[in-house]
Structure formats: structure tokens, C-alpha cells
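Which chain is which? The protein sequence lines are A and B, in order.
Be aware that the first sequence starts at 408, since it is given in this note's numbering, and climbs by one per residue.
Be aware that the second sequence starts at 408, since it is given in this note's numbering, and climbs by one per residue.
Heads up, the beta-carbon is just placed ideally off N, CA and C, and yes, glycines get one too.
Working notes, beginning with the structure itself.
There are 2 protein chains.
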Amino acid sequence: MSVQVTTLANGLRVVTDTMDSVETVAVGIWVAAGTRHETADVNGISHLLEHMAFKGTQRRTAQLIAEEMDNVGGQLNAYTSRDHTAYYAKMLKEDLGLAVDILADILLNSTMDEEELAREQHVVVQEINQADDTPDDIIFDHFQAAAFPEQPMGWPVLGREDLVRGVTSQRLRTYMSSNYAADNMVASASGAVDHGAFVRLIENAFGNLPRRSAVSEVAGRYQGGDFRQERDLEQIHVVLGFGGLPHGDPDFYNLGALSTLLGEGMSSRLFQEIREKRGLAYSVFSTSQSFSDTGLFSIYMGTGQSDVQKLVPVLRAEIEKVQAKVSEDEVKRARAQIKAGLLMSLESPGSRCAQSARQIMVYGRPLTVAEIIAKVDAVNADGICRVAQRIFSGKPTLAALGEGKSLDGLQSLLN
Amino acid sequence: MSVQVTTLANGLRVVTDTMDSVETVAVGIWVAAGTRHETADVNGISHLLEHMAFKGTQRRTAQLIAEEMDNVGGQLNAYTSRDHTAYYAKMLKEDLGLAVDILADILLNSTMDEEELAREQHVVVQEINQADDTPDDIIFDHFQAAAFPEQPMGWPVLGREDLVRGVTSQRLRTYMSSNYAADNMVASASGAVDHGAFVRLIENAFGNLPRRSAVSEVAGRYQGGDFRQERDLEQIHVVLGFGGLPHGDPDFYNLGALSTLLGEGMSSRLFQEIREKRGLAYSVFSTSQSFSDTGLFSIYMGTGQSDVQKLVPVLRAEIEKVQAKVSEDEVKRARAQIKAGLLMSLESPGSRCAQSARQIMVYGRPLTVAEIIAKVDAVNADGICRVAQRIFSGKPTLAALGEGKSLDGLQSLLN
Numbered sequence: 408m409s410v411q412v413t414t415l416a417n418g419l420r421v422v423t424d425t426m427d428s429v430e431t432v433a434v435g436i437w438v439a440a441g442t443r444h445e446t447a448d449v450n451g452i453s454h455l456l457e458h459m460a461f462k463g464t465q466r467r468t469a470q471l472i473a474e475e476m477d478n479v480g481g482q483l484n485a486y487t488s489r490d491h492t493a494y495y496a497k498m499l500k501e502d503l504g505l506a507v508d509i510l511a512d513i514l515l516n517s518t519m520d521e522e523e524l525a526r527e528q529h530v531v532v533q534e535i536n537q538a539d540d541t542p543d544d545i546i547f548d549h550f551q552a553a554a555f556p557e558q559p560m561g562w563p564v565l566g567r568e569d570l571v572r573g574v575t576s577q578r579l580r581t582y583m584s585s586n587y588a589a590d591n592m593v594a595s596a597s598g599a600v601d602h603g604a605f606v607r608l609i610e611n612a613f614g615n616l617p618r619r620s621a622v623s624e625v626a627g628r629y630q631g632g633d634f635r636q637e638r639d640l641e642q643i644h645v646v647l648g649f650g651g652l653p654h655g656d657p658d659f660y661n662l663g664a665l666s667t668l669l670g671e672g673m674s675s676r677l678f679q680e681i682r683e684k685r686g687l688a689y690s691v692f693s694t695s696q697s698f699s700d701t702g703l704f705s706i707y708m709g710t711g712q713s714d715v716q717k718l719v720p721v722l723r724a725e726i727e728k729v730q731a732k733v734s735e736d737e738v739k740r741a742r743a744q745i746k747a748g749l750l751m752s753l754e755s756p757g758s759r760c761a762q763s764a765r766q767i768m769v770y771g772r773p774l775t776v777a778e779i780i781a782k783v784d785a786v787n788a789d790g791i792c793r794v795a796q797r798i799f800s801g802k803p804t805l806a807a808l809g810e811g812k813s814l815d816g817l818q819s820l821l822n
Numbered sequence: 408m409s410v411q412v413t414t415l416a417n418g419l420r421v422v423t424d425t426m427d428s429v430e431t432v433a434v435g436i437w438v439a440a441g442t443r444h445e446t447a448d449v450n451g452i453s454h455l456l457e458h459m460a461f462k463g464t465q466r467r468t469a470q471l472i473a474e475e476m477d478n479v480g481g482q483l484n485a486y487t488s489r490d491h492t493a494y495y496a497k498m499l500k501e502d503l504g505l506a507v508d509i510l511a512d513i514l515l516n517s518t519m520d521e522e523e524l525a526r527e528q529h530v531v532v533q534e535i536n537q538a539d540d541t542p543d544d545i546i547f548d549h550f551q552a553a554a555f556p557e558q559p560m561g562w563p564v565l566g567r568e569d570l571v572r573g574v575t576s577q578r579l580r581t582y583m584s585s586n587y588a589a590d591n592m593v594a595s596a597s598g599a600v601d602h603g604a605f606v607r608l609i610e611n612a613f614g615n616l617p618r619r620s621a622v623s624e625v626a627g628r629y630q631g632g633d634f635r636q637e638r639d640l641e642q643i644h645v646v647l648g649f650g651g652l653p654h655g656d657p658d659f660y661n662l663g664a665l666s667t668l669l670g671e672g673m674s675s676r677l678f679q680e681i682r683e684k685r686g687l688a689y690s691v692f693s694t695s696q697s698f699s700d701t702g703l704f705s706i707y708m709g710t711g712q713s714d715v716q717k718l719v720p721v722l723r724a725e726i727e728k729v730q731a732k733v734s735e736d737e738v739k740r741a742r743a744q745i746k747a748g749l750l751m752s753l754e755s756p757g758s759r760c761a762q763s764a765r766q767i768m769v770y771g772r773p774l775t776v777a778e779i780i781a782k783v784d785a786v787n788a789d790g791i792c793r794v795a796q797r798i799f800s801g802k803p804t805l806a807a808l809g810e811g812k813s814l815d816g817l818q819s820l821l822n
């Protein structure tokens, strides 16, 4: 068993996954603070905070943070999602101590300087506008908002320009001190790392971080909805979705297999029917996302404005058919795809580091490969059809960007 | 030395890079046939051919190709570039034989069925339109065209709708038989693979493939140019570029270091000056591309329409400054970044497989890690300034999408 977990006195969980065959380490701090933990007046604060962490500490300027990592060829990065924020780095094994020191510094000693904040707010507004210029990116924000209307789960990760510009340094500090608490965080490292040594590094750096004060989390309630916006584009960009399943749902792996055989990979039904047999889209795929209390199942397609009328009935038919019957060959294939994907991801320190951290945040412990494989092996045709019925009987969510007439042509997807 | 090369009697080069620590294999066939080998009437044929390879053979339908790989959880993919096309797969080690059999089948026995072709032409047109809807993607096609006007090196990989629709099955077969010749190809595998066994697999599958008939390659001649197009966008998307260096140029590694310290990574000058100190862009980065006979150095920025007037003088100043002086710290940092990136890429079978194949196509042999590191260690401040002077004294290329007034504001970048 290469995975080991230690919980520090303050509740911070420390996990390592040691790989004998590599000379590098992937390390990161995962924090259960994301868009869904925000209040309406500061939507975007989790992501802005992630940016500001890199903008200087009591010991390092923003430039020094960048230079110290680049000096050793390390790669430092971060992202924010609906339910968490992660700060992570990859480096040669001898530089792990430096990476932990920098991660601790930016998470514990950030100055949140006012001038830096003003500049970074402008950078985030540029990021919002860049996303808006990219239809197959921004469409997923509109989709999320339509699926979860008027609740934090539906808000965009990047926030809105006026709200981002309105966040003060003081507000950032308050948000950080209430959400970046020890028992709300996981420190994870994979690759050429020793568990005991990593625990000591994390203990020295984060041992004095307090436990959490109460963090509020508004329950996510999938409702479904309809967002269509006219835009002068070559293609119409469509996301059709349904309420999905939370982590830990007994049908979680059946749903994964459903998405695999319906819309992931070249042999999937949607790829075969929409792209291969009819040439109606370059890009068509399904995705299943899970959160602690809800989930989202989505199908993306980009197609020509004039192809919408052909695409809609095909999509409707596939959603009907998969509820009625799934072949034994398809089930076997989906199992093989999920298992091989898992085994391949085990060869990358970065994947293992992220997997361990997320499993601890979701399930409170790392899952073993054997137990995941057992669950994938238990997936079967009845279970997949049952979960398809469960998912597709709910209210749909539609989001689309394109010409007016094409947008109208999508109407029947809502019935 | 983990890398071994065998050349078959027909000239096909076979390379393996064995890794003891993994259970998977990455395998692929690289073909020296890309956009630059096309004629004007069929621009896009290399990429269309790549699509058609997956559309059925004498032994397998398109659906069967997809199913056989997905049955074992393998991942089969392909891409086309200006100078080559690659077909590659990743799978568990016991499925290498199947992967080679499928790769050989799609490259040697493709039927190029007329009906499949008509559908796939429509899919490629959807892909062209999807790219056109994505400003920070399509801008690089306009940039390439402006840099290399009226020559194959400047044409888009995807081609143009009318040309793609005009390609016949017969034309595809002719293009394939003249370009997909044994001594024009490299078979590469990395990971849990035995050299002798892989050579036998490739010999059995590709041993009868003829040597090349003459393939024409029009020399790439960088000329520079100006493409600006009005679009209703939130941001202005800009690429400024210059003629770069071919593979094998004595200053190749100095140019790589120049790009690293000027515009790659968080500590780079452009990131620090444009994003960190002034907040003028979310995304700003430089790239150096090399071909057999020419090269392209480019800087991308996405910025607000109203920020152009502030950005232009900063960019001009940085291009001036880097020709005059580079600090010893910057040189050390660039070396460390390039070397650590190289060492990290060695842990992935996919990266090693692609690296070996490309090195053989470019240099005729695989490079050792030691010789690459020696060249990176030889990089120095004088060399970097010299190559910066060499690059930036040439005629610039500008490509931009945005509002009219902002586009006008870019004019001084051309002087």
C-alpha cells in the first residue's frame, strides 16, 4: 500500500502516495473553499483569492515567488472550482522543501496589498472577457446557471466584473480566515516522497493553522432551465443536461459507465450516431460531474446552424434508447475503459496527488485501486439503464449560443 | 541507454524507449506529410486524410476500429501539423500487438469510401467553423498566413471549406501513396516495450510498404506581414511575431532560452511586466517553433480594447531591452526550467514516444538526454542577446482580431 495518511493535531490531513520509479514530486494543498461557499455580493472571491495568493507575502514579492520556483524549474499553479481551490506544484524531488515553503507562505502570509489587488482585479476581468470570447468555454457557465438558478452552485467561478472589482483586501482576509482552516484542507504529495518527511514539512509549515470556524454551504438544488443567446457565430454551441448524482450515490459507477458508453470516446453512441454516421458535429461528448450533495450530467455539441434540425431528433432518440437497453458488449467496454484510464493515471505523480487529495475531501479517506476496480466490475446493464431512467426523467437544462433560428430549433429538447 | 533504433529494409525507422517502471505503452506512427507538402488546390488534404484513416479499412468498419481500441481501454488518436501527421495510441502493455495491428490497418488498408468521405468532409467543415469561433485559436492561423504569404507553410492545417469539399477518394489515395512511404515514416514505442518484439511487430505489419516516390517540399520563406480583422469581441487578440530558426541552427538552444525568459512561465519578463506589474492581460506568452528550413517566434496577448495603448509601448520596450542585456540569474533560471521540463517529460511514456519519433524525423537519430543537457548548459547571456538581435531585427508579423480602433492602435508594432 503506497498511500499513507496522517492527520495533524489541528485537523489538517496529510496524504502521500510514494512511487519508487520517479525522480519528481507533485505536491499540493486542496482547500474546501470554492464558488459554492461564496455569498452573492462577492461571487468570484474564491477565484480572486487564488490569484491574490501569488501576489506577495510578508517574506516574498510576487516576482520572488515566481523566480524561486522557476529557479529550480518547478511548476507552480492553482485553480478554483465550484467546491474547492487547489494550489499545486511539480518539481524535482530535492526541491520539495522549497515548494512546501512557498505553498505555506502564499497560503498563510499573503499580504493582500491594495495596489496589487487593484491590478489583479483588472487581470481577472480580462480573464472573464477572454472566457466570454470563447463560446465552447462560456457556454458551460450559462449551463451551470440555468441548471442551478439563484443559488451559489449556479454562479460562475470567475464571478462578475462589478462584483470582482468590489472585493476589498479586508473582505479577502475575512474569507480566507474563515474558509482556509486546517480541517478544511488536505496536503497531498505523490512521487519521490517519503511520508514521514512530508508530514514533518507540513507540520512545521501548517501546524499552527487554526481549525475551522463555521463555514456555510448552501445545498445545491438542481432545478433545470433554459438559456439561449443570439450570437453571430459559425456554429451553434449547445449543452443539454440533467440533474446528476452526488458522490457516494450507490449508482455513481453506473452513471460513470453510462456517460462512457453514451458520450465518451470514439465508440460511444453519440460519437458514432452524431459524428460518424451523420457527420453532424466535430465535437460531441458527455460529462458526469458530482458534488457532495448533487450532480450534473451534460452533453455538449457544436454544430452548423443548418444542422440543428437533423441533430435534435438523433439526440432525443439516443436519450430514449439508452434507458431501454444496453448491450453486454457495451458494459464490458465501458468497464475496460474506466479501468484502463485509472491504471494509466497511476503512472503520473500529478494525477495521483490530485486523486488522493480529492478522495480525502469527498470520502474522508483515500480509496484503494482494488476497491475502485471492484465497484467498476459491479457495473451492469440493468444498473446503467436504471440510472439512465433516473437521470433522464428529470427536468432538462438547455444552454445554447448561436443564430436565432437555430436556437428556436432546439425547443423540443426541453420536452 | 534505453533508446534503440532499427531501420527496416524498406527504410522505415523503428525506435523504442523502454521504461522498466511502467505497465503501459505509448506507440505511434509519425509520417513526414503535413500541410507544407500539399498543393494549393487541395490544402487541407493531409488533415482530411488523417480523419479518413479512421473511417474504415478492408478488414474493419469505422465503428469496429473504435470498438476494438475501447474494448481494451486503449486511447487512439491523431493530429496533423505543418510538417507531419502522427497516429498514436496508449494502452496496457498486453495490448500493444492489437494497437500495432490497428495502426497498420488504418494506414495501409484504408478504403476511402465515397460516402464516408462526404460525411467526413462535413465533419471537417464543422471543425473549421469551430476553430473560427475561437479567437485565441484561429488567430494563430491568420498569423501563420501573414508570416508565410502565398506558400504552403502559411496555409491552414484544416484547409478551406471549398477545397476540403473538393477532395476526391482518388486524390486521397494518390496523396497517401506518394507521401506515406516507408522511409518517410517512423514507428515509435515507449514504456513497457521490448525493442526486438516491437521491431518484429512493425516488420510484419509494415515490411512490405514501398520506399518513397519523390515528395516535393516547397522551402518555407518567412516574409512577415499584417493581418487585422474587425470582430465584435470583449478582448483584442494579438499575435506579434518574427522569423525564427530552423532545427539544427547553432543558436537553437539560445532561442529556446530567450523564449523561456521573455515569455514562458511566471517569472518571464512579459508575464511580469504585462500581467503582474500592469494587469494588462490575463494571458501573455511567447513560443518558438522550428521547422527543417525556417522558424517562427511569436508572442500572444489577449487584452481589453482600451488597454491596447498601454500595452504596445511595454511590449516594444521589452523587445528592445532583451537584445541589450540578459542577467546571469535569468540565464541560470532558463537553463533550470528547460532541464527540469525535460526530466519531467521523461516520466511519461507518451512524451518519450513522441520525442524519439520527432528527433529521428528532424535529426535522423534520437538525441541523448546528456547531449541535450550539455547544449542547454552551453546557453549564455551573450548568445541569448545575439539571437534576440538576430530575430527581432527581421520584419515583424502582426495578426489581430478585435475592434477597429484597437486594431489601429497596434500600428506601431510594425515599425
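Determine, for residue i, whether the minimum Cβ-Cβ distance to residues of chain C falls below 8 Å.
{"i": "T710 (chain A)", "result": "No chain C appears in the structure shown, which is made up of the protein chains A and B."}
Less than 8 Å between the beta carbons of residue i and residue j, yes or no?
{"i": "I706 (chain A)", "j": "V646 (chain A)", "result": "yes"}
{"i": "Q630 (chain A)", "j": "P559 (chain A)", "result": "no"}
{"i": "T446 (chain A)", "j": "S517 (chain A)", "result": "no"}
{"i": "G648 (chain B)", "j": "P773 (chain B)", "result": "no"}
{"i": "G709 (chain B)", "j": "A688 (chain B)", "result": "yes"}
{"i": "E683 (chain A)", "j": "Q528 (chain B)", "result": "no"}
{"i": "R723 (chain A)", "j": "L817 (chain A)", "result": "no"}
{"i": "Q762 (chain B)", "j": "H602 (chain B)", "result": "no"}
{"i": "N417 (chain A)", "j": "L608 (chain A)", "result": "no"}
{"i": "E641 (chain A)", "j": "D540 (chain B)", "result": "yes"}
{"i": "S428 (chain A)", "j": "S699 (chain B)", "result": "no"}
{"i": "A612 (chain B)", "j": "D508 (chain B)", "result": "yes"}
I need the DSSP call for residue i, collapsed to helix, strand or coil.
{"i": "D633 (chain B)", "result": "strand"}
{"i": "K782 (chain B)", "result": "helix"}
{"i": "T701 (chain B)", "result": "coil"}
{"i": "L524 (chain A)", "result": "helix"}
{"i": "H529 (chain B)", "result": "helix"}
{"i": "A493 (chain A)", "result": "strand"}
{"i": "Q537 (chain A)", "result": "helix"}
{"i": "T694 (chain B)", "result": "strand"}
{"i": "D736 (chain A)", "result": "helix"}
{"i": "Y660 (chain A)", "result": "helix"}
{"i": "G435 (chain A)", "result": "strand"}
{"i": "A688 (chain B)", "result": "coil"}
{"i": "R467 (chain A)", "result": "coil"}
{"i": "N478 (chain B)", "result": "helix"}
Give me, in chain order, the residues of the same chain whose beta-carbon lies closer than 6 Å to that of residue i; leave out the 5 immediate sequence neighbours on both sides.
{"i": "L503 (chain A)", "result": "V432"}
{"i": "S597 (chain B)", "result": "D424, A433, P756, R759, C760"}
{"i": "S690 (chain B)", "result": "G709"}
{"i": "D548 (chain A)", "result": "P563"}
{"i": "R638 (chain A)", "result": "L808"}
{"i": "S813 (chain B)", "result": "I643, Q712, V715"}
Quick one: residues in its chain with C-beta nearer than 7 Å to the C-beta of residue i, no 5 flanking neighbours on either side, listed in chain order?
{"i": "I546 (chain A)", "result": "H644, V646, A806, L808"}
{"i": "V593 (chain A)", "result": "R420, V422, W437, A764, I767, M768"}
{"i": "A626 (chain A)", "result": "D700"}
Spatial neighbours of residue i within its chain, please: CB distance less than 8 Å, with the 5 preceding and 5 following residues excluded, ordered by chain position.
{"i": "L753 (chain B)", "result": "R759, V776"}
{"i": "A734 (chain B)", "result": "Checking the sequence shown, residue 734 (chain B) turns out to be Ser, not Ala. Taken in chain order, the residues that qualify are A788."}
{"i": "M459 (chain A)", "result": "S517, M519, E523, L524, E527, L579"}
The ligand SAH heavy atoms versus the CB of residue i: any closer than 7 Å?
{"i": "Q470 (chain A)", "result": "Among the components modelled here there is no ligand, and therefore nothing to report on the ligand SAH."}
Against chain B: residues of the segment 508 to 542 of chain A by CB proximity under 7 Å: R526, E527, H529, V530, Q533, E534, N536, Q537, D539, D540, T541, P542
Unbroken stretches of the alpha helix (DSSP H), 4 residues or longer, contained in the segment 575 to 643 of chain B: 576 to 586, 602 to 613
Against chain A: residues of the segment 751 to 773 of chain B by CB proximity under 9 Å: M751, L753, E754, S755, P756
Residues within the segment 411 to 435 of chain A neighbouring chain B, beta-carbon criterion of under 7 Å: S428, V429, E430, T431
Members of the segment 669 to 696 of chain A near chain B, C-beta cut-off 9 Å: G672, M673, S674, S675, F678, Q679, R682, E683, K684, R685, G686, L687, A688, Y689, S690
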